[in-house]
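**Q**
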């Protein structure tokens, strides 16, 4: 018996999670590893590409604000 596996066809590459496996939340629930808010971390898998890009932009702003 031969089993064939099909790969989903997608022209868009998935946007990778910014997680760096250094999870530590500050006093306002921002991860000091990836700079996402806990709500953004929890919602990541449900976000579309536009939402993920918006979160990544917020992460960059937070990182700059914290001077890291």
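Residue numbers (the numbering used here): 126 to 193. Glycine residues also receive a C-beta, built at the ideal position from the N, C-alpha and C atoms. In this text, all values refer to a predicted model and were calculated from it rather than measured experimentally.
On the three-state DSSP scale, how would you describe residue 193?
**A** Looking at residue 193 - three-state DSSP - the assignment turns out to be coil, as it is neither helix nor strand.
**Q** Between residue 154 and residue 163, what straight-line distance do the alpha-carbon atoms span, to the nearest angstrom?
**A** When rounded, the distance between both Cα atoms is 6 Å.
**Q** Among 161, 174 and 141, which one has its Cα closest to the Cα of residue 186?
**A** Checking every option, the nearest Cα to that of residue 186 belongs to 161.
**Q** CA-CA distance, residue 145 and residue 151?
**A** If I take the Cα positions, the gap works out to 16 Å.
**Q** Distance, Cα to Cα, residue 157 vs residue 141?
**A** Their backbone Cα atoms lie some 18 Å apart in a straight line.
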